[in-house]
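Everything in the sequence shown is counted per the numbering used here, starting at 43 for the first residue and increasing by one.
Glycine residues also receive a C-beta, built at the ideal position from the N, C-alpha and C atoms.
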Amino acid sequence: MEKEERRGSVAERYSEHTRRNTLLILAAFTVLAAAVLSAVSLGGTDIPFWDVMRCLFTFDTASDEGWTVWGIRMPRITAAVLAGAGLSVAGVVMQCILRNPLASPYTLGLSNAAAFGAAFAIIFLQGGSVSSFGIDLDNPYAVASCAFLFSMMATGAVMLLSRYAGVSAETVVLAGVAISAMFTAGMTLMQYMADSTQLGAIVSWTFGNLGKADWGWDAAIFFVGVPIVIYFMLNRWSLNAMNAGDEVAEGVGVGTARFRMIGLVLSALLSSILVAGFGVIAFVGLLGPHISRMIVGSDHRSLIPMSLVLGAAIMLIADTVARTAMSPMVLPVGILTSLLGGPLFIYLLLSRSRRRTYV
43 MEKEERRGSV AERYSEHTRR NTLLILAAFT VLAAAVLSAV SLGGTDIPFW
93 DVMRCLFTFD TASDEGWTVW GIRMPRITAA VLAGAGLSVA GVVMQCILRN
143 PLASPYTLGL SNAAAFGAAF AIIFLQGGSV SSFGIDLDNP YAVASCAFLF
193 SMMATGAVML LSRYAGVSAE TVVLAGVAIS AMFTAGMTLM QYMADSTQLG
243 AIVSWTFGNL GKADWGWDAA IFFVGVPIVI YFMLNRWSLN AMNAGDEVAE
293 GVGVGTARFR MIGLVLSALL SSILVAGFGV IAFVGLLGPH ISRMIVGSDH
343 RSLIPMSLVL GAAIMLIADT VARTAMSPMV LPVGILTSLL GGPLFIYLLL
393 SRSRRRTYV
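Shown next, in the form of structure tokens:
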């Protein structure tokens, strides 16, 4: 009788916990929806709320307001939502399978590799120029393609080094540090070789900017990112097992080495296409997962969707502030995310030094 009562009590607590997390995720989604409407309304020229609603629901592109909404702001807003969600989910997965709360899409050296690829395209493919609007990218798709290619090359190098040394969380992180250092050296060499125009274009790209977003790039990110997120959601139990440690995961039938390899490759693919398109946007892969973990806990059934929604909201709010805070000048969103994420990174570093185990 006592066992049955205890079992019933556990089931009730679990149901209550699930309902609570579901409501919290819905609340976060409401915040994201409000952020989207605010981002559409605010800008160099503010659009009244009811005009925004009319343009959105009638797909009006003929009027000036409609063109501003659908031709200028919505591609950028969509890019912010996709980038924030993707980087945040990639951060959740990396922190789990690497058992490191400081892990993010940049732990594997992806940002430095992408920056090297962009610099390579700007210098050798003549990707940078000076226009009446400032420093511009003449061939953004070539720059993005090279950034993506070198990001995936860095991922492949990390995977090869890890497989050679044994696929453990520690070897993956160390391999990422080594690869990152090599690409940093290459990036420094590229900057030394660049002329003033090319150097300005390189620095501008590394700031992270959603201003080049368009519907084509948004669609590419969507069709790459959605299957990856679905895969992680389908394997949420495996992520929970990995979070408890390799021995526990092996005990319940998870092939830790294989799953870690697949998880890292998919996370790297997701973050690489985002970094390639929009430049280096730091710390979103830390902010989204850690705030979500504080709210819903470490169960990946709730953590992944909450991180997806919160990451999107954080990126969109940061980009809206970047567009409007010093209008008509638009700040790179990477600057704001670094200002937000830097203190969090220091806090995590200090807390980790006091507590050597990651739960």
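Smallest Cα separation from residue i: which of the options?
{"i": "A255", "options": "A186, V52 and S222", "result": "A186"}
{"i": "Y148", "options": "S246, F101 and G218", "result": "G218"}
{"i": "T379", "options": "D288, N285 and S130", "result": "S130"}
{"i": "G258", "options": "H332, G321 and R118", "result": "R118"}
{"i": "F387", "options": "I359, G353, L329 and R62", "result": "L329"}
{"i": "A76", "options": "L308, G319 and A354", "result": "A354"}
{"i": "A220", "options": "Q240, N154 and M275", "result": "N154"}
{"i": "S309", "options": "T110, G198, L382 and T248", "result": "G198"}
{"i": "G253", "options": "R302, R96 and L358", "result": "L358"}
{"i": "L402", "options": "M95, Q233, M336 and G113", "result": "Absent from the model: residue 402. The displayed extent of the chain is 43 to 401, so no value can be given."}
{"i": "S280", "options": "S222, M232, D341 and G321", "result": "D341"}
{"i": "F192", "options": "L167, A163 and S238", "result": "A163"}
{"i": "M303", "options": "A81, L202, W109 and G159", "result": "L202"}
{"i": "I333", "options": "V290, P143, S80 and S246", "result": "P143"}
{"i": "N277", "options": "A262, G108, G295 and L68", "result": "G295"}
{"i": "D260", "options": "L392, V123 and V52", "result": "V123"}
Give me the Cβ distance between residue i and residue j, rounded to the nearest whole Å; I'm assuming they're in contact under 8 Å.
{"i": "L84", "j": "T366", "result": "5 Å"}
{"i": "V214", "j": "L306", "result": "7 Å"}
{"i": "L312", "j": "V266", "result": "7 Å"}
{"i": "S314", "j": "L152", "result": "6 Å"}
{"i": "A196", "j": "L150", "result": "6 Å"}
{"i": "A121", "j": "F320", "result": "7 Å"}
{"i": "A132", "j": "G383", "result": "Wrong, their Cβ atoms sit about 15 Å apart, outside the cutoff."}
{"i": "V94", "j": "L79", "result": "6 Å"}
Can you grab the Cα-Cα spacing for the pair residue i / residue j, in whole Å?
{"i": "I244", "j": "A157", "result": "8 Å"}
{"i": "T60", "j": "V134", "result": "19 Å"}
{"i": "V351", "j": "V271", "result": "12 Å"}
{"i": "M116", "j": "A236", "result": "35 Å"}
{"i": "G128", "j": "V317", "result": "10 Å"}
{"i": "V111", "j": "P90", "result": "12 Å"}
{"i": "A161", "j": "T64", "result": "44 Å"}
{"i": "S204", "j": "I165", "result": "32 Å"}
{"i": "A125", "j": "N251", "result": "11 Å"}
{"i": "D361", "j": "V322", "result": "14 Å"}
{"i": "G293", "j": "A283", "result": "9 Å"}
{"i": "I177", "j": "E289", "result": "For I177, the predicted model reports a pLDDT of 44, less than 50, meaning its position is unreliable and no value from the coordinates is stated."}
{"i": "V200", "j": "R300", "result": "15 Å"}
Touching by the beta-carbon criterion (3+ pairs, under 8 Å), the segment 97-115 and the segment 133-151: no
Inter-stretch contact at 8 Å, needing at least 3 Cβ pairs: the segment 343-350 / the segment 222-231: no
Complete alpha helix (DSSP H) runs within the segment 265-292 (minimum length 4 residues, chain order): 278-285
Segments assigned alpha helix (DSSP H), at least 4 residues, entirely inside the segment 182-246: 182-207 and 211-235
In chain order, each beta strand (DSSP E) run of at least 3 residues that lies wholly inside the segment 344-376: none
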